[in-house]
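Start counting at 1 in the sequence shown, then tack on 27, and there's your number in the numbering used here.
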Amino acid sequence: MPIATIDTPTGPMTLTEENGAITAAMWGGSTGDDDTPLLRRAATQIGEYFASTRTEFDLPLRVNGSEFQQAVCDAMLAIPYGETVTYGDIAKQLNAPAQAIGQACGGNPIPLIIPCHRVLGANGLGGFSGDGGGLAGIELKVQLLRHEGAAGLLI
Numbered sequence: 028m029p030i031a032t033i034d035t036p037t038g039p040m041t042l043t044e045e046n047g048a049i050t051a052a053m054w055g056g057s058t059g060d061d062d063t064p065l066l067r068r069a070a071t072q073i074g075e076y077f078a079s080t081r082t083e084f085d086l087p088l089r090v091n092g093s094e095f096q097q098a099v100c101d102a103m104l105a106i107p108y109g110e111t112v113t114y115g116d117i118a119k120q121l122n123a124p125a126q127a128i129g130q131a132c133g134g135n136p137i138p139l140i141i142p143c144h145r146v147l148g149a150n151g152l153g154g155f156s157g158d159g160g161g162l163a164g165i166e167l168k169v170q171l172l173r174h175e176g177a178a179g180l181l182i
């Protein structure tokens, strides 16, 4: 399975491709230098996101997880750039406990592209599945929300 590591303003991010779809994105961790059309396209789109010229990703994704995990990831994909929802909002949408939504968000294998950073707790930030290659997960979540102009919601 091809793996490529790209530089981002939030630290190195490693992307994994499997059978024509992105299946993982993580800050830090293992590194790779594979070169495929899909990994190049993903790297370009992530660069455009950080350059503030892209607000939606257009990539084939595959979440290798339970149907519930996939449903939560689909719900996160529907959250527009610069907006946030709570774990409770997704819980109501999927008729599931908010704690289960939080666990599924934490298990998001493709953070940033599947925007789990846009999901907040009812009374605070909540967690984040990404690790910023030196940034703590919550610091990275705040940085991504600020980048999208959603930081006003944090105050």
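Glycine included, each C-beta is placed from N, C-alpha and C at the ideal position.
With fewer than 16 other beta carbons inside 10 angstroms of its own, E166 counts as exposed.
Counting along the chain, A31 sits inside the beta strand (DSSP E) bounded by residues I30 to I33. Counting other Cβ atoms within 10 Å of its Cβ, G176 stays below 16 and is therefore classed as exposed. The criterion of a C-beta distance shorter than 8 Å is satisfied by R145 and T111.
Judged by pairs of C-beta atoms under 8 Å, the segment 35 to 50 touches the segment 131 to 144, as three or more such pairs exist. Nearest in C-alpha terms to L86, of all of G55, T80, L104 and I33, is L104.
If you check the CB distance, T35 and F77 come in under 8 Å.
Only residues of its own chain outside the window of five on either side were considered, and among them T113 and G115 have a CB closer than 6 Å to the CB of A149, listed in chain order.
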